[in-house]
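Numbering (our numbering), first residue to last: 7 to 338.
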């Protein structure tokens, strides 16, 4: 079979390289905004395609951990890339930073050409055939879970800088180091997510949401102390996205078993609904900031965490019911 996914991945990476190069040469805000929109429009697509490749290439027992590394890659890029980009921009100019990004993107594209398989198994289907996936209760509950989990995170994380400075009283000189530590914790959280997906999957997630809820409700009190407040943020960063790898593996498992024509769509659901959740959480944070103040953002996040807890319990029941139905059908 022609490796359509391979061709699309390479072409999309070329467009990312083009967008970043164009950004480096722009001199007006309008053109710069356009170039960033071009880059953003294809970034999510390449993430989904890479997950499809990872799902096909990795041995079954290592798939969850590989997917967690893909998620950790974004955290690693932020932890390393942001300070490096800032340093280059300060020493030279932000144009040089974007040109360097273009070089890295081009190297990545060449590596992809060399290592990605040209031929993978693929079941084709019309758009209508693929969208049938979204009618499965196990899928739309999983999508809702990601949405509200992201909303819970970004209800407070949208204002993490003022929370650390204005709320906890840290100086601006310490801010970059604090964000660096949170970035490291995010990487560890993605690794934890992979371990959970390998061993227990979604069945253990309710206890993580209970911990999230407790920490978020205690956040206003913890904010009275720098140590306690930052400690809460560290633990939240570690566990709040523990669902990431288990839910991605769940989407792929359901698609492969029941909707093989929708595997590519299943690989994109996490990114799609996570970004919707970011918008919901950020909007909620903005409203809460004007109504109740910075210190109580955690309570708004706790509401979304409670909704997530209810959803994950319902999702686990739906998964169990489907497995029971399969056993009954096989025994007939």
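Ideal Cβ positions, reconstructed from N, Cα and C, are used throughout, including at glycine.
Alpha-carbon spacing of residue i relative to residue j, whole angstroms
i	j	result
residue 247	residue 74	11 angstroms
residue 279	residue 153	5 angstroms
residue 139	residue 286	24 angstroms
residue 81	residue 281	16 angstroms
residue 72	residue 40	33 angstroms
residue 34	residue 132	42 angstroms
residue 203	residue 135	28 angstroms
residue 98	residue 291	35 angstroms
residue 352	residue 298	This structure leaves residue 352 out entirely; the chain is present only between 7 and 338.
residue 45	residue 288	22 angstroms
residue 190	residue 83	11 angstroms
residue 65	residue 29	39 angstroms
residue 38	residue 332	53 angstroms
residue 218	residue 325	23 angstroms
residue 160	residue 192	14 angstroms
residue 53	residue 276	10 angstroms
residue 137	residue 284	23 angstroms
residue 316	residue 322	10 angstroms
residue 14	residue 27	The predicted position of residue 14 is uncertain, since its pLDDT is 48 and thus under 50; a value taken from the coordinates is nonetheless stated next. One C-alpha to the other measures close to 20 angstroms.
residue 117	residue 42	24 angstroms
residue 205	residue 231	36 angstroms
residue 304	residue 318	20 angstroms
residue 61	residue 262	10 angstroms
residue 228	residue 312	20 angstroms
residue 336	residue 67	25 angstroms
residue 201	residue 329	23 angstroms
residue 96	residue 295	32 angstroms
residue 119	residue 260	30 angstroms
residue 245	residue 216	11 angstroms
residue 100	residue 121	32 angstroms
residue 110	residue 334	53 angstroms
residue 177	residue 63	47 angstroms
residue 157	residue 115	33 angstroms
residue 266	residue 143	17 angstroms
Of the residues the options, the one placed nearest residue i, counting alpha carbons only
i	options	result
residue 221	242, 95, 283	242
residue 342	337, 265, 108, 224	Past the boundaries of the shown model lies residue 342; the chain is included only from 7 to 338, so the question cannot be answered.
residue 199	69, 99, 29	69
residue 57	274, 149, 295	274
residue 155	310, 245, 98, 261	310
residue 249	219, 265, 214	214
residue 165	78, 185, 148	185
residue 149	330, 314, 335, 336	314
residue 293	162, 142, 109, 105	162
residue 105	141, 115, 121, 25	25
residue 264	216, 201, 334, 141	141
Sub-8 angstroms separation of residue i and residue j beta-carbons
i	j	result
residue 226	residue 301	yes
residue 239	residue 194	no
residue 196	residue 327	no
residue 94	residue 85	no
residue 145	residue 31	no
residue 147	residue 36	no
residue 151	residue 23	no
| message | Can you confirm whether the stretch 199-218 touches the stretch 86-96 when touching is taken to mean that 3 or more C-beta pairs between the two stretches lie within less than 8 angstroms? | response | no
| said: So, does the stretch 253-267 touch the stretch 172-180, judging by three or more C-beta pairs under 8 angstroms? | reply: no
| query | For the 8 angstroms Cβ check, are there 3 or more pairs between the stretch 179-188 and the stretch 161-170? | reply | yes
| message | Could you tell me which whole alpha helix (DSSP H) segments of length 4 or greater appear in the stretch 107-171? | response | 133-137, 143-163
| Is there contact here, the stretch 222-240 with the stretch 261-276, by at least three beta-carbon pairs under 8 angstroms? | no
| request: Only counting runs of 4 or more residues, tell me where the alpha helix (DSSP H) segments fall wholly within the stretch 26-67, in order along the chain. | output: 35-63
| field | 3 or more residues per run - each beta strand (DSSP E) lying fully within the stretch 244-290 | value | none
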